[in-house]
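Residue numbers (UniProt numbering): 1 to 181.
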């Protein structure tokens, strides 16, 4: 039995007037199916490495985390640059874990709003800190390639706990602005 995703790709090619048997397209349905499986079954590895800390609750920020995701409304890609900030409460999260968390949530059908929320949820759960912020700046091909066909940047924010305070927001933005956003 043929792969159902591969069959869908073949049907799509036929529906748009292409010949899936022509040179250049012959292996496209199989590549298409492989890509969908690779993207949606992405395994980021361990995400829960935390370290005890005795330092005060000073702001920690990780910025310019780049991810690709898929718009759940149009099945088109969007890229997003993420900033994550939090105030440690006794333990800190390993640096690479921020990117792993972001990639885990990006590798599925998604909205940028929910992507930012899910990242904040994981950072809060893993660090035990209710003081978490996530800023996402995304460019969506569903807007740039279809409809209005105008590229634009969408910004989403999640502010929790002490990071809802305007002074803390300002500090996070000042620390991370201009850093490959």
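A virtual CB, placed ideally from N, CA and C, is assigned to each residue, including glycine.
Residue pairing by DSSP places residue 83 opposite 135 in a beta bridge. For the 8 angstroms CB-CB criterion, residue 120 and residue 160 form a contact. If you draw a straight line from the Cα of residue 157 to the Cα of residue 8, it comes to about 36 angstroms. Annotation for residue 40: 107, 108 place their beta carbon closer than 7 angstroms to its own, counting only its chain and skipping 5 residues before and after. Taking all protein chains shown into account, residue 42 has fewer than 16 neighbouring C-beta atoms within 10 Å of its C-beta and is therefore exposed.
In this structure, the CA atom of residue 74 is about 10 angstroms from the CA atom of residue 140.
Shown here, residue 69 sits in a strand according to DSSP, grouped into three states.
Excluding sequence positions up to five before and after residue 19, its CB lies within less than 8 angstroms of the CB of 13, 25, all in the same chain and listed in chain order. DSSP, reduced to helix, strand and coil, places residue 148 outside both helices and strands of the structure shown, so it counts as coil. Annotation: residue 112 to residue 80 spans about 8 angstroms, alpha carbon to alpha carbon. By a beta-carbon distance limit of 8 angstroms, residue 138 does not contact residue 98. Their separation comes to about 17 angstroms. Residue 90 is classed as exposed because its beta carbon has fewer than 16 other beta carbons within 10 Å across all chains shown.
Counting other Cβ atoms within 10 Å of its Cβ, residue 31 stays below 16 and is therefore classed as exposed. Listed in chain order, the non-local C-beta contacts of residue 83 below 6 angstroms within the same chain comprise 63, 135, 176, local neighbours out to five positions each way being set aside.
A distance below 8 angstroms separates the beta carbons of residue 61 and residue 85.
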